[in-house]
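Trainee: Before we start, here is the structure in question, set down as structure tokens.
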Amino acid sequence: MKRWQDKSWTRSMKIALDFSGMMADAAGPRHGLTMKQINAVADAFKSVHQGLKQQRRAGDLPFYELPYDRQVLKQVLKTAGRIINGCENFVVLGIGGSALGGIALFRSLAHPQHNLLPKNKRKGLPRVFFADNIDPEGFGALLELLDPGKTIFNVISKSGGTAETMSQFLIVRNRLVRKLGRKKHTSHIIATTDPEQGYLRAIAGEEGYETLPIQPGVGGRFSVFSPVGLLPAAVAGIDIAELMAGAQSADKTCRQQNLWKNPAGMNAVLQVLAYTVKNKPISVMIPYSDALRDIADWYRQLWAESLGKRLDVDGRVVNIGPTPVKALGVTDQHSQLQLYIEGPFDKVITFLTVGRYRKNIKIPAGLKHMDGVGYLGGHTLNDLIQAEEQATEFALLQANRVNTAIRLPEINPFTVGQLLFMLEVQTLYAGGLLRINPLDQPGVEAGKQFAYGMMGRKGFEEMAGMMPLRRQGKRPCHIMV
Ligand code: PA5
Numbered sequence: 000m001k002r003w004q005d006k007s008w009t010r011s012m013k014i015a016l017d018f019s020g021m022m023a024d025a026a027g028p029r030h031g032l033t034m035k036q037i038n039a040v041a042d043a044f045k046s047v048h049q050g051l052k053q054q055r056r057a058g059d060l061p062f063y064e065l066p067y068d069r070q071v072l073k074q075v076l077k078t079a080g081r082i083i084n085g086c087e088n089f090v091v092l093g094i095g096g097s098a099l100g101g102i103a104l105f106r107s108l109a110h111p112q113h114n115l116l117p118k119n120k121r122k123g124l125p126r127v128f129f130a131d132n133i134d135p136e137g138f139g140a141l142l143e144l145l146d147p148g149k150t151i152f153n154v155i156s157k158s159g160g161t162a163e164t165m166s167q168f169l170i171v172r173n174r175l176v177r178k179l180g181r182k183k184h185t186s187h188i189i190a191t192t193d194p195e196q197g198y199l200r201a202i203a204g205e206e207g208y209e210t211l212p213i214q215p216g217v218g219g220r221f222s223v224f225s226p227v228g229l230l231p232a233a234v235a236g237i238d239i240a241e242l243m244a245g246a247q248s249a250d251k252t253c254r255q256q257n258l259w260k261n262p263a264g265m266n267a268v269l270q271v272l273a274y275t276v277k278n279k280p281i282s283v284m285i286p287y288s289d290a291l292r293d294i295a296d297w298y299r300q301l302w303a304e305s306l307g308k309r310l311d312v313d314g315r316v317v318n319i320g321p322t323p324v325k326a327l328g329v330t331d332q333h334s335q336l337q338l339y340i341e342g343p344f345d346k347v348i349t350f351l352t353v354g355r356y357r358k359n360i361k362i363p364a365g366l367k368h369m370d371g372v373g374y375l376g377g378h379t380l381n382d383l384i385q386a387e388e389q390a391t392e393f394a395l396l397q398a399n400r401v402n403t404a405i406r407l408p409e410i411n412p413f414t415v416g417q418l419l420f421m422l423e424v425q426t427l428y429a430g431g432l433l434r435i436n437p438l439d440q441p442g443v444e445a446g447k448q449f450a451y452g453m454m455g456r457k458g459f460e461e462m463a464g465m466m467p468l469r470r471q472g473k474r475p476c477h478i479m480v
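Residue numbers (numbering that gives the first Met the number 0): 0 to 480.
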């Protein structure tokens, strides 16, 4: 058995939060934090922690229980089995929280070129696509590529009424019905939605589509461990039981009331202090791994939609929220790093690092007589990416730029499960510390309603009427190029 297939081996792997780069002794007193400053927030953290514990006990935070839902796990595996045997292409139709978790899992845990592999090298698994935008060019090109008879579409919408997803659904349904007939088309659509409410639930009932539930009370951006993320992951051959085990392991650690033993709590405190006390409104996540790139994307939504709020819990206008930015190591060293090192002191950087990459690539010895190139020979790309990551952490500190790192011993379902769950809990803690509700998204809803009005949805006419008045202003503001 290969070592990575040995579950007792992978389950010994714990991710770690390294926040030495946040401290004053490393980043300097002006920008770094002291133990005293962190401990001063310990009581506030304790009370947020207690509050969440009570809400969880009362069943008000059901996302916490997703990694323990064995029934849903079984259901997902069964549906995934049917999909794997029944099609060549699997397409997710969904947006925001209904897509980003699946994308993050697919990118981090499936083969990096899954869709380009020949079928036998994919172990017979379907190709997996995520259509998370309605750009007619992008969506149209994807549909043109796929034979509807060999494709299964997974429509994901918690509310069942999101205009983007439901438009995609209508387009796909029409094509399927035209090609396969009314009756046969039903086996090509699977709906993941609220178990009871919403248009998608009602449509699935009428048409007879197979459905999977998004457990009640679980919001889009906290749904990665529900069928929203699990089904696409399972179809791509990812071990979702191990993913859940990783999340459970993080849950155990992140239940600790002691801030110094709770990585989600500590990282929330550090981020909030950087934002509120050290005046750093921008929070950059930079994974040193292509596989983790879309985890930064998923996290960007989690952080932005959860923490960007107009009102605090007492209804006061606060217009609060750090701005999350995603970057990629090493690529963005050649794009963003100059700004991070020499620009304004307004950022806190979070590195995602990998101890052991799943591949090792040697740089062959050669051109030894050329000093500027020859030294690379004999090393590996692994040495290089790790050296560059460490050098960047150090360079940032030399310039008094605070940074923290979440270190993954390697990338596997167990460690990714830990990472995603920890970041979810961290977001709740940060929301509590900032005294806002991290679980709603009234701003997004407002945008959705203006669009409904423009598209003629009944009940939203007034919203459409408001728009031109506000946008036109008093004089034209257009310049032709
Ligand atoms: O996180 C969220 O709540 C949002 O990003 C939603 O997931 C997104 O707007 C899509 O909503 P729905 O799943 O209802 O189609």
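Glycine included, C-beta positions come from ideal geometry on N, C-alpha and C.
1. What three-state label does DSSP hand Pro231 in the structure shown?
2. Would you list the one or two residues that DSSP bridges to Ile189?
3. Can you tell me where the alpha helix (DSSP H) holding Lys178 begins and where it ends?
4. Using 8 Å for Cβ pairs, my map puts Gly219 next to Lys157. What's the rounded Cβ distance?
5. Pull up the distance between the alpha-carbon of Gln54 and that of Phe413, whole angstroms please.
6. Exposed or buried, which one is Gly264 when buried takes at least 16 other CB atoms within 10 Å?
7. Would a C-beta distance cut-off of 8 Å place Val168 and Leu65 closer than the cut-off?
8. Could you name the residues, in chain order, whose CB is less than 6 Å away from a heavy atom belonging to the ligand PA5?
9. Where do the ends of the alpha helix (DSSP H) carrying Gly416 lie?
10. Do you know offhand how far Lys346's Cα is from Met21's?
11. The alpha helix (DSSP H) with Gly371 in it runs from where to where?
12. How about the segment 244–256 and the segment 75–90: do they share at least three Cβ pairs that are nearer than 8 Å?
13. Measuring CB atoms only, is the segment 284–292 touching the segment 318–328, in the sense that at least three cross pairs come out at less than 8 Å?
14. Opposite Lys409 in the DSSP bridges: which residues?
15. Where does the unbroken beta strand (DSSP E) through Thr379 begin, and where does it stop?
16. Pull up the CB-CB distance for Trp302 and Thr403, whole angstroms please, since I reckon it's below 8 Å.
17. Verify whether the separation of the beta carbon atoms of Gly354 and Pro408 is less than 8 Å.
18. Ignoring anything shorter than 3 residues, give me the beta strand (DSSP E) runs that lie fully in the segment 35–118, in order along the chain.
19. In the DSSP assignment, what are the bridge partners of Arg126?
20. Going by the C-beta, is Glu241 closer than 7 Å to any heavy atom of the ligand GDP?
21. Mind checking which residues open and close the alpha helix (DSSP H) that includes Pro441?
Mentor: Per the coordinate set shown:
1. Helix.
2. Paired residue(s): Asn153 and Glu209.
3. Where Lys178 is concerned, the enclosing alpha helix (DSSP H) stretches over Ala162 to Leu179.
4. Rounded to whole angstroms, the Cβ separation of Gly219 and Lys157 is 5 Å, and the two are in contact under 8 Å.
5. Each residue's alpha carbon lies about 27 Å from the other.
6. buried
7. Here residue 168 turns out to be Phe, not Val, going by the sequence shown. No, the Cβ-Cβ distance between Phe168 and Leu65 is not below 8 Å.
8. Ile94, Gly95, Gly96, Ser97, Ser156, Lys157, Ser158, Thr161, Thr164, Gly218, Gly219, Arg220, Glu304, Gln440 and Val443
9. Note, Gly416: alpha helix (DSSP H), Pro412 to Leu433.
10. 11 Å
11. Asp370 to Gly373
12. no
13. yes
14. Checking the sequence, you will find Glu at residue 409 rather than Lys. DSSP lists Arg355 as partners of Glu409.
15. From DSSP, Thr379 is part of no beta strand (DSSP E); its letter is neither H nor E.
16. Their Cβ separation, rounded to whole angstroms, is 14 Å, which puts Trp302 and Thr403 out of contact at 8 Å.
17. yes
18. 88–92
19. Within the DSSP secondary-structure output, Arg126 pairs in a beta bridge with Asn88.
20. As far as ligands go, the structure on display features the ligand PA5 and does not contain the ligand GDP.
21. Pro441 to Met453
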